[in-house]
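Worksheet: the structure to be examined is printed underneath.
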Amino acid sequence: MKLFLASGNTHKVGELQSLADASGLRVEIVSAAAAGGMPAVVEDAGTFVGNARKKALALRTRLPAEAWALADDSGLCVDALGGAPGVESAYYAGPQGDSAANLTKLIEAMRPVPDAQRGAHFLCVLVLIGPAGELAFEGRCDGRLLRAPRGGSGFGYDPLFIPEGYMQSFSELGAEIKSRLSHRARAWEKLSKQLFGLRNSKYQVPGSKINDRSSNPIGTG
1278 MKLFLASGNT
1288 HKVGELQSLA
1298 DASGLRVEIV
1308 SAAAAGGMPA
1318 VVEDAGTFVG
1328 NARKKALALR
1338 TRLPAEAWAL
1348 ADDSGLCVDA
1358 LGGAPGVESA
1368 YYAGPQGDSA
1378 ANLTKLIEAM
1388 RPVPDAQRGA
1398 HFLCVLVLIG
1408 PAGELAFEGR
1418 CDGRLLRAPR
1428 GGSGFGYDPL
1438 FIPEGYMQSF
1448 SELGAEIKSR
1458 LSHRARAWEK
1468 LSKQLFGLRN
1478 SKYQVPGSKI
1488 NDRSSNPIGT
1498 G
C-alpha cells in the first residue's frame, strides 16, 4: 500500500517511513515529488487539522482516484505564550522559515518565565484522505522548555524541549527514543490501527470523518 505524503520534505518522508516500518505495516510513504510535486498551499486554516486537510486535498488533485494522500501539520504549543507558536511554529520568526531564528525568538520570549511555568507540548495531526473518506489523528507529547538549547541532534525546537518523564532534551535523547515519544509517533500509532483494517480493502476506511467545524475536530477512529 502506498500513501502519498503532502510534502517534499525528505526528512519527514523518512521519519514517517521509519514509523510505518516499526509498526509492522507494509506501507510505502511516497513523496509528493512522485506526483509532480506538492502544489502551493496557503496554510491559513488556523488549526492543525485544517492546515493538514488543505495540504492533503491539494495533493489529491494530482493523484489517481484510488490513491491515498497523507498530510501532517504540527507545532510547539507553549503554555505561557497562550499556545504560541502553535500553527505558526515553522514561521515563528518570519516567513523565511528559519529554524535557528525561530529557536532564538522562543528563547527570548520565554526568558522572563519562571521554571515552574515553562510547560509546553508538541502537537501533530495526520490527515488521511482517500477515495472513501477522510480521517484525522492527533498525537501529543507533553514536556517543558529549557532556558538554553542542549544537544546536537534533532531539528527545530528539539534542543529546547524536555519530554515529560525525562531529564534530557529531544536533541540529547536522540532519534531512537524520540521516535517512540514524539507527537508524530503517537499520531501514527493511531493511524496505523486504521491501516490494519484498511490494508485488505481497496476503498473502505473505518472510523470517523473529519469535522473541521468542531472545537475538537479530531477523529481518532
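Using this note's numbering, the first residue of the sequence shown is number 1278, and each one after it goes up by one. Glycine residues also receive a C-beta, built at the ideal position from the N, C-alpha and C atoms.
Hey, out of the options, whose CA is closest to residue i's CA?
| i | options | result |
| --- | --- | --- |
| F1432 | L1450, V1304, A1322 and G1410 | L1450 |
| E1411 | L1293, E1292, Q1373 and L1472 | L1472 |
| F1414 | L1422, C1401 and G1407 | C1401 |
| A1344 | M1278, E1441 and G1291 | M1278 |
| A1378 | S1448, E1441, P1426 and V1319 | P1426 |
| E1466 | E1305, T1287, A1299 and A1322 | A1299 |
| V1319 | K1331, L1336, T1381 and A1310 | K1331 |
| K1289 | L1468, S1469, R1461 and K1470 | R1461 |
| R1417 | R1339, V1355, P1341 and Q1373 | V1355 |
| A1329 | A1317, D1321, D1349 and E1385 | D1349 |
| P1341 | S1448, S1456, K1470 and P1408 | P1408 |
| A1311 | R1339, R1303 and V1326 | R1339 |
| A1439 | D1392, A1464 and K1470 | Reading off the sequence shown, one finds Ile at residue 1439, where the question assumed Ala. It is D1392 whose Cα lies nearest to the Cα of I1439. |
For residue i and residue j, which I take to be in contact (beta-carbon distance under 8 Å), what is that distance rounded to the nearest angstrom?
| i | j | result |
| --- | --- | --- |
| G1285 | G1313 | Actually they are not in contact, since the Cβ atoms of G1285 and G1313 sit about 11 Å apart, beyond 8 Å. |
| A1370 | K1382 | 4 Å |
| L1403 | A1464 | 5 Å |
Looking at the structure shown, is residue i part of a helix, part of a strand, or coil, going by DSSP?
| i | result |
| --- | --- |
| F1473 | helix |
| D1419 | strand |
| A1464 | helix |
| A1386 | helix |
| S1376 | helix |
| G1410 | strand |
| A1346 | strand |
| L1450 | helix |
| A1425 | coil |
| R1337 | helix |
| F1432 | coil |
| Q1445 | coil |
| Y1368 | helix |
| K1331 | helix |
| E1320 | coil |
Per DSSP, which one or two residues make a beta bridge with residue i?
| i | result |
| --- | --- |
| G1352 | L1400 |
| G1503 | Lying outside 1278 to 1498, the shown extent of the chain, residue 1503 is not represented and no answer is given. |
| P1440 | G1420 |
| V1307 | F1281 |
| P1362 | C1354 |
| L1405 | L1347 and L1412 |
Indicate whether residue i and residue j have their beta-carbon atoms separated by less than 8 Å.
| i | j | result |
| --- | --- | --- |
| L1405 | L1347 | yes |
| I1306 | L1336 | no |
| L1437 | L1423 | yes |
| L1358 | F1399 | no |
| G1429 | S1446 | no |
| L1468 | Y1434 | no |
| E1441 | G1420 | yes |
| S1308 | T1324 | no |
| L1282 | L1296 | no |
| Y1368 | G1360 | no |
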